[in-house]
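Here is the structure we will look at, set down as structure tokens.
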Amino acid sequence: MKILRLLMMPFSWLYGCITAVRNVLYDSGILKSHSYPVPVICIGNLNTGGTGKTPHTEMLLRLLHDKKAAVVSRGYGRKSKGVIEVALNDSALTVGDEPLQMKYRFPDKTFVVAEKRAEGIDYVLKKYPQTEVILLDDAYQHRSVKPGLTILLTQYDDLYIHDFVLPAGNLREFRSGARRADIIIITKCPGVINPEEKKKILTKISLHAPVFFSALQYQSAISLNGNDKIEISSLKNYEILLITGIASAEKIKDFIRSESKDFRSIEFNDHHVYCEKDFSLIRSKFSTFASENRVILVTEKDAVKLNDNLFKENIKDLPFYFLPVTAELIENKEKFNIRVKEYVGKNKSDS
1 MKILRLLMMP FSWLYGCITA VRNVLYDSGI LKSHSYPVPV ICIGNLNTGG TGKTPHTEML
61 LRLLHDKKAA VVSRGYGRKS KGVIEVALND SALTVGDEPL QMKYRFPDKT FVVAEKRAEG
121 IDYVLKKYPQ TEVILLDDAY QHRSVKPGLT ILLTQYDDLY IHDFVLPAGN LREFRSGARR
181 ADIIIITKCP GVINPEEKKK ILTKISLHAP VFFSALQYQS AISLNGNDKI EISSLKNYEI
241 LLITGIASAE KIKDFIRSES KDFRSIEFND HHVYCEKDFS LIRSKFSTFA SENRVILVTE
301 KDAVKLNDNL FKENIKDLPF YFLPVTAELI ENKEKFNIRV KEYVGKNKSD S
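The opening position of the sequence shown corresponds to residue 1 in this note's numbering, with each subsequent residue numbered one higher.
Next comes the structure, spelled out in structure tokens:
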């Protein structure tokens, strides 16, 4: 692996230099960034995924619950093109799994998918002129829009400071791109962080921006075939088949492993599109459990795809449950909240 990484380094430097030149062109004003009369918050990362952007976007929506908020994202995995407003009866194939997941959680908020974020924002402001704040999901490298507040996410056990630019590593640009961040959040942390480890991270990662730490919190599993729930404390009574189609499944696998009496998993690629063959595999693996107390757990992101009418026959006779997850700051939550609310309040449009 180390040899392969060394062989890829020249290509990484080339890729990194191209993105660096692009950033310089935007920073110097040669390439134009669009500014808007409403607060725009960007949530993103330097690497190719798995830092928890969706739970943190939802965290901001909860914080700004009293605002007319809209979320603009690309809608990865969708088969459509152009600007589309997300509706509750949409398919993940049309609008993307993550925007649809967020729409289910926040049905009163506006969600728009667009390859070009500026076109998505233009749509929002034209149709909903009273919008008070716009969140850009996964838009750290989309320099054509100039956010007023930029939040950079990096995973606790996969910090960007230890990574390399593609293809030798997983970074989309050089580590120096972190300087554009106004806030940095270390995501997917353990519930308790060793003070020495925290000090070490802050020494390495803290630039000009305040650094916060967050953890994922799993909630009661909810049935895809009804309103039944399984409390987290009751998972120990079940044999569990975990199905994931996300960028990084290690955290949820570790969690289920610690909570269940027997655990097996099937991992698909991020934004996986389910088909009949997948259900044959799921049924086959699920049948290997001996106990009657057995369930199939999926992520919330996968649940929005499995809930599609196409799969009703495949899931109706199987105990499918999804496991909701939220992101919560471990400490200094009030400081973070004040920073975000002050930005939104001071930059509110008068129109």
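Idealized CB from N, CA, C, for every residue including glycine.
Following the continuous beta strand (DSSP E) through residue i, name the residue where it begins and the one where it ends.
i, result
"V344", "Per DSSP, V344 belongs to no beta strand (DSSP E); it is in the alpha helix (DSSP H), K333 to K346."
"S265", "D262 to E267"
"A215", "V211 to Y218"
"I222", "A221 to S223"
"T203", "Per DSSP, T203 belongs to no beta strand (DSSP E); it is in the alpha helix (DSSP H), P195 to I205."
"V145", "It is not in any beta strand (DSSP E) - V145 carries neither H nor E in the DSSP assignment."
"Y321", "F320 to L323"
"S73", "A69 to S73"
"L135", "V133 to D137"
"F111", "T110 to V113"
Run the CB neighbour count on residue i, radius 10 Å, all protein chains shown included, and call it buried at 16 or more, exposed below.
i, result
"G345", "exposed"
"D350", "Low local confidence applies: a pLDDT of 42 at D350 is under 50, so the model's placement there is unreliable, with the coordinate-based value given in what follows. The residue is exposed, with fewer than 16 neighbouring Cβ atoms inside 10 Å."
"H208", "exposed"
"A87", "exposed"
"K301", "buried"
"I3", "exposed"
"D66", "exposed"
"P354", "The structure shown does not extend to residue 354, since the chain is modelled only from 1 through 351, so no value can be given for it."
"S73", "buried"
"K127", "exposed"
"N23", "buried"
"R5", "exposed"
"K251", "buried"
"P37", "exposed"
"K53", "buried"
"S291", "exposed"
"Q219", "exposed"
How about residue i and residue j: are their beta carbons less than 7 Å apart?
i, j, result
"V112", "V124", "yes"
"S12", "A168", "yes"
"S28", "K146", "no"
"L224", "V211", "no"
"G96", "Y76", "yes"
"L152", "Y15", "no"
"Q130", "K204", "no"
"C42", "A114", "no"
"A92", "K305", "yes"
"I266", "I243", "yes"
"Y160", "R175", "yes"
"N47", "N170", "yes"
"R117", "T94", "no"
"V192", "L135", "no"
"P55", "T326", "yes"
"F106", "L64", "no"
"F279", "N314", "yes"
"S248", "G50", "yes"
"T150", "R180", "yes"
What residue range is occupied by the uninterrupted alpha helix (DSSP H) comprising residue i?
i, result
"N314", "K312 to I315"
"L93", "A92 to V95"
"S12", "K2 to D27"
"I246", "Segment: none, I246 is in no alpha helix (DSSP H) and carries neither H nor E."
"I304", "It should be noted that the sequence gives Val, not Ile, for residue 304. Unbroken alpha helix (DSSP H) run through V304: E300 to L306."
"V124", "R117 to K127"
"I282", "E276 to F286"
"E58", "K53 to L63"
Examine the ligand FMN and report whether any of its heavy atoms sits within less than 6 Å of the Cβ of residue i.
i, result
"N47", "The ligand FMN is absent from the structure shown, which contains no ligand whatsoever."
Quick one: what's residue i bridged to in DSSP?
i, result
"N45", "L153"
"L297", "L242 and Y321"
"H34", "V145"
"A327", "L216"
Is there a Cβ of chain B sitting closer than 7 Å to that of residue i, yes or no?
i, result
"F255", "Judged by its chain identifiers, the structure shown contains no chain B, having just a single protein chain."
(message) Assess contact between the stretch 75 to 89 and the stretch 215 to 223, defined as three or more Cβ pairs (one per stretch) separated by less than 8 Å. Is contact present?
(response) no
(message) Whether or not the stretch 197 to 206 and the stretch 293 to 304 are in contact is what I'm after, with contact meaning three or more pairs of Cβ atoms, one per stretch, closer than 8 Å; do they touch?
(response) no
(message) Tell me whether the stretch 234 to 247 and the stretch 259 to 279 touch, counting them as touching only if at least three CB pairs, one residue from each stretch, are closer than 8 Å.
(response) yes
(request) Tell me, please, whether the stretch 224 to 233 touches the stretch 329 to 339 by the rule of three or more beta-carbon pairs shorter than 8 Å. (result) no
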